[in-house]
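In this note's numbering, the protein residues as written are 293 to 549.
The structure is reproduced here in structure tokens:
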């Protein structure tokens, strides 16, 4: 393979294509579990730090497509709280980058995700289901910024805050697109400061642009045709899968597996 990319072997290229395709479907709106599969899949053929560095420019490309696709669909009452909060989380993560354990963050986020789903599913046995509260947006927005920076895992905290509002699926997806577009753009500065972006990393990301555009549009097309009574159960299932995956990865990392 060309020495101006990170793809030293055809296997590295094909595995990255698979990961980008799954992340693209997620960025289009088709479930957060696909997005969280990106770095772990790429880590099968390259160091995790390199995988995260390559994926961030690709995410930003996808964000641009998603912003156009979901233009006009948003809930500003969510964004005006969670975006500033997420910036605080990014700042904290940047300051603690040298001492933060990726495994610990994944375990924490996964546990929160599973607890949230369990509360929603079994709420009738233990009291009222969780409701939307503006005040908690500062907490979960900060957590989302922190976990997005260190583990590309900002989805579950965002979902814990926003899903109880029971937005129309298109409004929910459009709101999440704006939130993560801003968050990913902000992450460029600390990522660059930490030396994550080499020329070959950026060229490798550019190669993925056509696939990124196509898969985002496919994911969006599916969600735009999905009814709320299908969308929300589907989303809770995806959060459960995300939670299980993160808890497993967190425990494995902390135990040295």
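Glycine is no exception: its CB is placed at the ideal position from the N, C-alpha and C atoms.
Bear in mind that the values here come from a model prediction, so they are computed numbers and not experimental data.
When burial is assigned at 16 or more other CB atoms within 10 Å of the CB, is residue 460 buried or exposed?
exposed
Mapping DSSP to helix, strand and coil, what is residue 367?
Assignment of residue 367 by DSSP, reduced to helix, strand and coil, places it in the coil class.
Out of curiosity, what's the CA-to-CA distance linking residue 446 and residue 431?
13 angstroms
Where does residue 352 sit, in a helix, a strand or coil, going by DSSP?
helix
Assign residue 410 to buried or exposed, taking buried as 16 or more other Cβ atoms, counted over all protein chains shown, within 10 Å of its Cβ.
exposed
Hey, out of 405, 509, 436, whose CA is closest to residue 476's CA?
436
Contact defined as beta carbons within less than 8 angstroms: I believe residue 429 pairs with residue 373. What is the distance between those atoms, to the nearest angstrom?
Confirmed, about 4 angstroms.
Among 492, 408, 456, 440, which has the Cα closest to the Cα of residue 471?
440
Who are the near neighbours of residue 547 in its chain, counting only those whose CB is closer than 7 angstroms to its CB and skipping five residues on each side?
none
For residue 295, count neighbouring Cβ atoms within 10 angstroms of its own Cβ and tell me buried if that reaches 16, exposed if not.
With fewer than 16 other Cβ atoms within 10 Å, it is exposed.
Could you check the C-alpha separation between residue 426 and residue 404 for me, to the nearest Å?
18 angstroms
Could you give the distance in angstroms between the alpha-carbon of residue 466 and the alpha-carbon of residue 451?
13 angstroms
Compute the Euclidean distance between the alpha carbons of residue 348 and residue 361, then round it to the nearest angstrom.
20 angstroms
Judging by CA-CA distance, which residue of 333, 516, 400 is the nearest neighbour of residue 536?
That would be 400, whose Cα lies nearest to the Cα of residue 536.
Where does residue 386 land, buried or exposed, given buried means 16+ other C-beta within 10 angstroms?
buried
Suppose you measure from the CA of residue 334 to the CA of residue 493; what does that come to, to the nearest Å?
13 angstroms
Let me know the secondary structure DSSP gives residue 401 once reduced to three states.
In the structure shown, residue 401 sits in a helix (DSSP, three-state: H, G or I).
Between the C-alpha atoms of residue 353 and residue 408, what's the straight-line distance to the nearest angstrom?
31 angstroms
Cβ atoms of residue 367 and residue 307: under 7 angstroms apart, would you say?
At least 7 angstroms separates the beta-carbon of residue 307 from that of residue 367.
Whole angstroms are fine: how far does the CA of residue 448 sit from the CA of residue 413?
16 angstroms
Taking all protein chains shown into account, decide if residue 378 is buried (16 or more other Cβ within 10 angstroms of its Cβ) or exposed.
buried
If you draw a straight line from the alpha carbon of residue 506 to that of residue 488, how long is it in whole angstroms?
26 angstroms
Consult DSSP for residue 518 and reduce its assignment to one of helix, strand or coil.
Coil.
Assign residue 541 to buried or exposed, taking buried as 16 or more other Cβ atoms, counted over all protein chains shown, within 10 Å of its Cβ.
buried
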